Every structure is written in structure tokens, then in C-alpha cells.
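> In this note's numbering, the protein residues as written are 58 to 514.
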Ligand code: HEM
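#1: Entirely within the segment 410-448 and at least 4 residues each: give me those alpha helix (DSSP H) ranges in chain order.
#2: Just tell me which of 223, 446 and 150 has its CA closest to the CA of residue 206.
#3: Within a Cβ cutoff of 8 Å, which residues of the same chain sit near residue 59, ignoring the five residues on either side of it in sequence?
#4: How many Å lie between residue 272 and residue 148 at the Cα?
#5: How would you label residue 522, buried or exposed, when you count the other beta carbons within 10 angstroms and need 16 or more for buried?
#6: Taking the alpha helix (DSSP H) that residue 486 falls in, what are its first and last residues?
#7: Could you pull out every residue in the same chain whose Cβ sits closer than 7 Å to the Cβ of residue 107, ignoring the five residues on either side in sequence?
#8: By alpha-carbon positions, which one of 311, 71 and 118 ends up nearest to residue 401?
#9: Taking the beta strand (DSSP E) that residue 511 falls in, what are its first and last residues?
#10: Assign residue 190 to buried or exposed, taking buried as 16 or more other Cβ atoms, counted over all protein chains shown, within 10 Å of its Cβ.
#11: Specify, as a first and last residue, the run of the alpha helix (DSSP H) that residue 88 falls within.
#12: Please state whether the Cβ-Cβ distance between residue 373 and residue 474 is less than 8 Å.
#13: Can you tell me whether residue 275 is buried or exposed, with buried defined as 16 or more other CB within 10 angstroms of its CB?
#14: Return the Cβ separation of residue 68 and residue 102 in integer angstroms, given the expectation that the two are a contact with Cβ distance under 8 Å.
#15: Can you name the residues that DSSP bridges to residue 397?
#16: Quick one: is residue 436 buried, meaning 16 or more other Cβ sit within 10 Å of its Cβ, or exposed?
#17: Is residue 191 close to the ligand HEM? I mean its beta-carbon at under 7 Å from any heavy atom of the ligand.
#18: The ligand HEM and residue 460: does any heavy atom of the ligand fall closer than 7 Å to the residue's C-beta?
#19: So that I know if they touch, is there some Cβ in chain B lying closer than 8 Å to that of residue 497?
#20: Looking at C-alpha atoms only, which residue of 111, 169 and 338 is the closest neighbour of residue 405?
#21: Starting from the Cα of residue 123, find the closest Cα among 457, 505 and 495 and give me that residue.
#22: Count the C-beta pairs between the segment 282-297 and the segment 139-155 that are closer than 8 Å, then say yes if the count reaches three, no if not.
#23: Shortest alpha-carbon distance to residue 465 belongs to which of 134, 70 and 174?
#24: Secondary structure at residue 105, three-state DSSP: helix, strand or coil?
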């Protein structure tokens with residue numbers, strides 16, 4: 058049944074006659090959206106700096122934009138190859154994207170994930186060892202940097218069968234440079250734009266050198282692998298051996314581009330997610346205690362395996378609840394190609410739409426006590442009956458995160474292994490400051506103290 062057409066604009070916040078809501082958007086982009094939804098409801102109109110924009114906050118809208126009519130809602134990426142991402146999954150569109158997606162996705166199928174767990178556990182145990190001297194002093198540890206180090210080694214092991222961050226100094230320098238650029242504290246678009254300007258004026262050369270260095274390392278690894286006779290089961294081998302529907306393999310450039318999307322693109326949100334998880338467990342000692350009880354029952358002091366991971370229901374629920382309250386990817390922006398109908402509202406061509414996981418995940422009609430951290434809501438028996446599009450930490454539809462299942466495995470493995478060895482407490486006097494820039498994250502990281510737990514736990 059179709060509703061009558063409504064050509065008026067949805068309600069929205071007051072705007073400056075010239076600048077629209079641009080100033081508020083620059084100051085606090087997430088705050089502007091949250092207040093808009095609280096005041097005006099599930100469809101809100103904004104005059105943003107990039108043009109007329111609708112915030113859509115009902116899960117049915119997310120389903121319409123991301124899945125049912127996804128071909129009408131285009132990504133905001135430019136058309137040519139991106140200097141860094143090339144034509145990897147993050148940056149490509151249309152038939153080429155579909156070809157690549159079909160070739161990359163099998164590398165993350167369930168049986169392959171199970172085979173990656175052992176390597177992830179070893180990396181997490183190395184992180185436990187790295188943290189030991191810091192834990193013994195009782196000094197506060199900054200967790201975002203530590204978790205980034207851990208995540209990058211886990212990604213290296215899964216993709217290349219080695220911690221290339223450790224073994225390739227050129228890459229280490231480049232990843233550190235990108236992390237600084239992405240993570241310098243732009244918590245508003247204004248600061249981000251300032252950063253970009255500086256980047257393009259005085260740092261353009263540095264950026265291009267980083268791209269060159271990534272190319273040197275990745276093309277080197279691809280060539281080495283093509284010549285190697287040692288059988289490997291990692292993502293790089295999968296990419297090299299993948300064939301499209303015509304039986305054609307990827308070129309070196311195509312493999313390079315996918316490696317950048319997966320390794321460089323994937324590490325950022327995952328490091329932030331793991332840091333949030335540590336923050337939440339440090340902030341909820343009763344949750345931490347319950348995880349430790351589950352670890353003692355299921356693992357009995359032994360290292361995690363792919364099989365035992367399946368039984369860590371509560372630990373996994375903590376990961377999923379953290380991604381609900383603290384989704385690193387806090388908004389997706391799309392552009393409507395043609396007119397579309399959302400209930401009685403008509404979206405005109407070229408309108409931007411925003412779907413915000415942060416807002417969907419705290420929607421009062423779909424979550425009980427949405428502001429509270431309650432991992433139990435993600436226990437298998439409690440998940441039933443939830444609107445599928447009310448929870449979107451990894452997006453939805455055909456552009457859903459290709460690393461979705463992989464990331465949940467990685468995060469649960471890292472959390473379980475860390476908590477087998479340490480109790481986490483927030484450092485005295487630490488205050489959380491949040492920013493929503495390229496990711497939704499703790500602005501200055503998280504300061505915590507680590508306390509060894511007895512070996513049998
Ligand atoms: C907690 C960590 C992560 C979060 C929150 C996350 C979130 C997302 C989201 C929301 C999208 C879809 C964006 C959109 O529709 O506009 C996406 C896409 C993607 N993610 Fe992730 N991701 C994470 C980790 C990873 C990891 C570890 C990898 C690589 C192993 C990865 C690889 C990708 C790729 C390649 C795409 C593009 C997919 C496509 O367009 O076909 N992500 N991610």
C-alpha cells in the first residue's frame with residue numbers, strides 16, 4: 058500500500074539564513090543529529106554544508122536505504138581511483154565492486170575464520186607479554202595505542218601469516234603516520250578540514266611518500282608470495298588464487314588495493330572498538346567478573362581455541378553490547394540518485410541521507426534502557442525478535458562490512474585472552490572525553506591500570 062505523497066520538507070532544527078546548520082555541524086556533528094532526532098523524530102531535515110540532508114532514524118528507513126532500495130542510494134566516494142585505496146572494496150562501485158567483493162568475501166567465510174583463531178591467540182598472548190612490565194609498575198597504560206598494536210599484529214597474521222608491522226620498518230612508519238593523521242584530535246569537521254588543508258599544503262609530499270612506501274611493501278609481499286612454493290592459508294593467498302566468473306585472477310594492483318582496504322582500512326575501527334571494550338569492562342567490574350567466571354568454566358586456564366570460542370556467549374555479548382553503545386562507524390552518508398518514497402515523505406534526487414548506527418542503537422522504541430550497558434541483551438536467547446536493522450555496527454545490505462564475522466572473532470579472542478591475564482581498572486582521575494570524527498572514539502585514549510590475575514583463572 059502506498060501512502061499519499063508529501064512534497065513538504067520534514068521538520069528540522071532552526072537554521073542560520075545563510076549557513077544553514079553548518080556551524081552546529083562543524084562544532085559537534087553527532088550532537089546535532091542526536092538533538093535533531095530527540096526533538097523532531099525519525100525523519101529530520103538539515104541544511105548541512107554539503108546540501109539538503111535527511112537524518113533517517115527508524116530501522117525501516119535503514120532497511121530501505123541500505124538494502125531494499127540500495128541501488129538508489131549512492132556512496133559519497135569520488136569516481137576515480139583513490140590515491141591510497143585505489144579501487145579496493147572501500148573505494149569502488151558498480152560492476153567492478155561486485156566482482157571484487159565476490160573474490161574477497163570467501164577469504165572470511167566461517168571455516169577460514171576458525172583456522173585464524175590460533176594465530177590471533179598467539180598475537181594476543183604476545184600483547185599480554187608486552188604489557189607485563191607496564192602492569193608490574195602499576196602505572197596507568199594508554200590503551201588505544203596498545204590495542205592498535207595488538208589489532209595490527211592480528212590483522213598481519215591473518216592476512217600475511219606474519220606481523221608485517223613488526224618486520225617491515227617502512228610500513229611501521231607509514232601506519233603510524235596514517236594513524237596520527239586520522240587520529241589527530243579532529244572532533245569536528247572544522248578541525249578535520251583544517252587538518253586536510255594543512256595536509257594538502259605542507260604535507261602533501263609526506264602523504265604521497267606514505268602511499269609509495271605502502272606500495273613498496275605490499276607489491277614486495279605479493280611478488281614474494283607469487284614466487285613462494287610454501288603453501289599458506291592466509292588472506293593474501295586467497296586473494297591471489299581467487300578467480301572471477303570469467304575465470305580471471307586479480308592483477309597485482311587489484312590485490313594491492315584490496316590489501317590496503319583490509320589491512321589499513323580495517324585496523325582503525327577495530328582498534329577503536331577494542332579500546333571501547335576495555336573501557337566498558339574496566340568501568341563495569343561486575344561484567345568483568347562474569348567474563349572471568351565464564352573463562353574459568355570454559356577454558357579452565359587453557360588458551361582459547363576456535364571450538365571453545367563458540368562457548369564464550371557472555372564474552373561475545375560484551376563485545377556486541379559495546380558495539381551497540383559505542384559504534385566506531387557512527388554514521389553512513391548516501392546520496393539519493395532518484396526520487397524515493399519513505400512513508401508519506403518524498404526524497405528528491407541529490408538529497409543526502411544519513412543513517413546513524415549511534416542513534417539507531419539508542420532508539421527508545423527498539424531498546425529497553427538504551428543508555429545502559431547491559432551485555433545480557435545479546436545472549437543468544439535474548440536476541441530473538443529484534444528488528445534486524447536496529448543494530449548496524451557493520452552496516453547492512455550489499456555494502457555491509459566484509460570483515461564483520463572476522464572482527465567479532467578477533468575482538469572476542471583479544472578480550473578473552475587479555476582478561477585471562479589481567480584485571481582492568483580505569484586509572485584514578487581518568488575522565489572519558491568522546492569525539493566523533495572519522496570514528497566515534499575516546500578523544501585522548503583510555504588510561505587504565507592492569508592487575509595480574511592468578512594463573513588458573
Ligand atoms: C569494529 C571494527 C569494524 C567496524 C565497526 C566496521 C564497520 C564497517 C562498516 C559500517 C562498513 C560499511 C560502510 C558503509 O556501508 O558505508 C564497513 C565496510 C568495510 N569494512 Fe569494516 N568494520 C570493521 C572492521 C573491519 C575489518 C577488520 C576489515 C578487514 C579485515 C574491514 C573491512 C571492510 C571493507 C573492505 C569494507 C568495504 C566493504 C564493501 O563496500 O564491499 N572492516 N565496515
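Built from N, CA and C at the ideal position, the CB exists for glycine as well.
Being a predicted model, the structure only gives us computed values, none of them experimental.
Short version:
#1: Here the runs fully enclosed are 414-417.
#2: Translated into the one-based positions of the chain shown, residue 206 becomes position 149. Each of 223, 446 and 150 was checked against the Cα of residue 206, and the nearest Cα belongs to 223.
#3: Along the chain shown, one-based indexing puts residue 59 at 2. Low confidence applies here, because residue 59 scores a pLDDT of 46, under 50, leaving its location unreliable and the question unanswered by this model.
#4: Along the chain shown, read from residue 1 onward, the residue named residue 272 stands at position 215. Along the chain shown, read from residue 1 onward, the residue named residue 148 stands at position 91. Inter-residue distance for residue 272 and residue 148 is about 17 Å (C-alpha atoms, whole angstroms).
#5: Residue 522 is absent from the model: the chain starts at 58 and stops at 514.
#6: Here residue 486 refers to the residue found at position 429 when the chain shown is read from its first residue. It is not in any alpha helix (DSSP H) - residue 486 carries neither H nor E in the DSSP assignment.
#7: What you label residue 107 is simply residue 50 of the chain shown in a count that begins at 1. Closer than 7 Å at Cβ, skipping near neighbours: 409.
#8: The count along the chain shown starts at 1 and reaches residue 401 at position 344. Cα-wise, what sits closest to residue 401 is 118.
#9: Residue numbering aside, residue 511 sits at position 454 when the chain shown is read from its first letter. Residue 511: not part of any beta strand (DSSP E); DSSP gives it neither H nor E.
#10: One-based indexing of the chain shown puts residue 190 at position 133. Exposed, because fewer than 16 other Cβ atoms sit within 10 Å of the Cβ of residue 190.
#11: Position 31 of the chain shown, counted from the start, is the residue given in the question as residue 88. In the DSSP annotation of this structure, the continuous segment of the alpha helix (DSSP H) that includes residue 88 starts and ends at 86-97.
#12: Within the chain shown, the letter at position 316 stands for residue 373. Within the chain shown, the letter at position 417 stands for residue 474. Their beta carbons are not under 8 Å apart, which means residue 373 does not touch residue 474 by this criterion.
#13: What you label residue 275 is simply residue 218 of the chain shown in a count that begins at 1. Counting Cβ neighbours within 10 Å, residue 275 comes out buried, since at least 16 surround it.
#14: As a working note, residue 68 is residue 11 in the chain shown. As a working note, residue 102 is residue 45 in the chain shown. The Cβ separation is near 7 Å, so the contact holds.
#15: Stepping through the chain shown from its first residue, residue 397 is reached at position 340. DSSP, once it has assigned bridges, lists 404 as partnering residue 397.
#16: Taking the first residue of the chain shown as position 1, residue 436 is located at position 379. Classification of residue 436: exposed, given that the 10 Å Cβ count is below 16.
#17: Locating residue 191 in the chain shown gives position 134, counting from the first residue. Residue 191 has its Cβ no nearer than 7 Å to any heavy atom of the ligand HEM.
#18: Here residue 460 refers to the residue found at position 403 of the chain shown. Residue 460 has its CB nearer than 7 Å to a heavy atom of the ligand HEM.
#19: Annotation note: the requested chain B is absent from the structure, which comprises a single protein chain.
#20: Your numbering for residue 405 matches position 348 in the chain shown. Cα-wise, what sits closest to residue 405 is 111.
#21: Start at 1 with the first residue of the chain shown, and residue 123 comes out as number 66. When each option's Cα is compared against that of residue 123, the closest is 457.
#22: Two segments are said to touch when three or more pairs of C-beta atoms, one from each, lie closer than 8 Å; by this definition the segment 282-297 does not touch the segment 139-155.
#23: Position 408 of the chain shown holds residue 465. Answer by Cα proximity: 174.
#24: Along the chain shown, read from residue 1 onward, the residue named residue 105 stands at position 48. In the structure shown, residue 105 sits in a strand (DSSP, three-state: E or B).
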